[in-house]
DNA sequence: TTAGGGTTAG
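Numbering (the UniProt record's numbering), first residue to last: 1 to 466.
This is the structure we're talking about:
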């Protein structure tokens with residue numbers, strides 16, 4: 001009988017099998033009956049916390065952390081810092097900086113914090129767009145000796161705030177403290193210099209890292225430099241740099257290297273060279289990813305205005321097992337609308353779910369704006385219906401143009417319905433509707449509408465619209 | 001635990 005008992009080992013296996021996080025939580029809280037009180041292993045805590053963190057079920061995750069805190073205060077193995085790092089990162093990805101900071105000091109993890117946890121927190125805060133000074137305060141307060149990774153994150157924060165000089169100062173500081181820079185340090189610095197347009201300094205850094213620090217440039221360093229060259233309009237120099245990479249046995253070319261080159265080549269009218277790049281990738285066994293395809297879609301739609309070519313790219317993506325995302329489709333929708341081809345855009349949007357991608361708020365806004373720009377307000381009205389149903393609001397400009405358009409149609413009933421629907425998604429701009437209303441409505445209707453809209457603004461009268 | 005590439009609107 002004892003052998004059949006459901007142990008923490010069995011629970012861990014069951015948690016691994018259960019893909020639905022809510023079901024996994026129920027399983028964790030109510031393990032099948034066992035003769036003795038159930039003892040949770042650290043592994044079970046680890047599994048459920050990671051699952052809840054990934055699913056962003058934070059309140060549930062916090063309650064499990066509290067249980068862990070009270071259970072780990074007794075003797076036994078301590079929760080690993082790696083788990084703490086998962087929790088902190090999850091809060092960073094969810095843009096919850098205060099929660100990330102609280103997690104860092106959570107009593108469920110009684111062990112001493114190392115640079116690893118500190119670095120994870122710094123990175124989470126950087127994800128939340130925290131300014132460099134906040135990160136420096138965190139470093140100071142933690143009292144943990146920084147390592148190269150700490151400095152790399154701080155340098156990136158400096159660059160993100162637009163100060164390459166500060167990034168360089170941090171580099172000097174790490175050298176003074178005897179911390180050896182890594183290839184990531186140089187990758188960060190080169191990218192920062194390129195973003196700031198300081199290409200010469202970036203190329204100097206590529207030399208210095210080898211000569212003075214014995215660190216070889218990798219694909220990250222090369223890709224940043226190639227992008228920098230393209231932005232200066234020197235695509236050929238970027239292509240030469242790619243050849244330099246190919247000539248080095250220790251370097252592996254990847255999809256990112258090629259993605260960097262695609263749009264710049266389209267921009268200068270060299271789409272034939274892009275075909276050559278794709279062939280080259282194939283020859284090297286590099287699979288084109290979404291970044292490469294999306295760059296091609298933008299090239300065909302915006303530079304070439306060749307929608308046959310763009311749709312062919314979509315087909316290639318499907319054939320090659322690369323799933324087009326909303327951005328891929330939005331690029332096409334935007335291009336079509338810009339040329340007044342809103343019918344084609346509308347057909348594509350309708351077909352998106354069948355193709356495995358649901359239109360997002362950007363898709364609808366572009367289609368809506370495209371129809372308004374073409375003066376097709378009744379068509380736009382249909383799109384608005386779908387948007388409101390999904391809780392999407394049109395852009396401020398789009399809503400205004402639309403209301404003005406409906407006003408010109410002179411259909412009072414439609415105008416009333418439009419204003420109500422716009423109000424539902426908070427897209428009512430007062431200047432727009434007041435102007436529209438004053439043009440077409442008689443005083444009594446105007447007064448009634450105004451009342452309705454006031455009550456809508458006070459979030460109390462949605463039923464009046466139906 | 002840290003760095004590179006692409007793209008839609010506003």
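Heads up, the beta-carbon is just placed ideally off N, CA and C, and yes, glycines get one too.
query: Here's the rule I'm using: 16 or more other beta-carbon atoms within 10 Å means buried, otherwise exposed. How should residue 244 be labelled?; result: exposed
query: By the 10 Å Cβ neighbour count, where 16 or more other Cβ atoms means buried, how is residue 70 classified, buried or exposed?; result: exposed
query: Is it a yes or a no for the stretch 248–268 touching the stretch 286–305, going by three-plus beta-carbon pairs under 8 Å?; result: yes
query: Helix, strand or coil, according to DSSP, for residue 140 in the structure here?; result: helix
query: Could you tell me the distance, in whole angstroms, from the CA atom of residue 149 to the CA atom of residue 160?; result: 16 Å
query: Would you grab the beta carbon distance between residue 44 and residue 15 for me? Rounded to a whole angstrom, and I think it's under 8 Å.; result: 6 Å
query: Quick check on residue 294: does DSSP put it in helix, strand or coil?; result: helix
query: With burial defined as no fewer than 16 other Cβ atoms inside 10 Å of the residue's Cβ, what is the status of residue 13: buried or exposed?; result: exposed
query: Is residue 221 closer than 9 Å to residue 190 when the C-beta atoms are compared?; result: yes
query: On the CB-based measure, 16 or more other CB atoms within 10 Å of its CB, does residue 5 come out buried or exposed?; result: exposed
query: Within this structure, are the beta carbons of residue 377 and residue 406 separated by less than 9 Å?; result: yes
query: So what does DSSP say about residue 26, is it helix, strand or coil?; result: helix
query: Please determine, among 346, 127, 415, the residue with the shortest C-alpha to C-alpha distance to residue 91.; result: 127
query: Rounding to the nearest angstrom, what Cα-Cα distance links residue 180 and residue 173 in this structure?; result: 11 Å
query: Per DSSP, what kind of secondary structure is residue 513 in: helix, strand or coil?; result: The question about residue 513 has no answer here: the residues shown for the chain are numbered 1 through 466.
query: What would DSSP say about residue 98, mapped onto helix, strand or coil?; result: helix
query: Can you list, in chain order, the residues of its chain whose CB lies under 8 Å from that of residue 397, leaving out five sequence neighbours each side?; result: 369
query: Closer than 8 Å: is that where the CB of residue 340 sits relative to any heavy atom of the ligand SAH?; result: By its list of ligands, the structure shown contains no ligand whatsoever, and the ligand SAH lies outside what it can speak to.
query: So the candidates are 241, 284, 27, 309; which of them puts its Cα closest to the Cα of residue 64?; result: 27
query: In whole angstroms, what is the alpha-carbon distance linking residue 184 and residue 423?; result: 50 Å
query: Applying the criterion that 16 or more other CB atoms from any shown protein chain within 10 Å of the CB defines a buried residue, is residue 30 buried or exposed?; result: exposed
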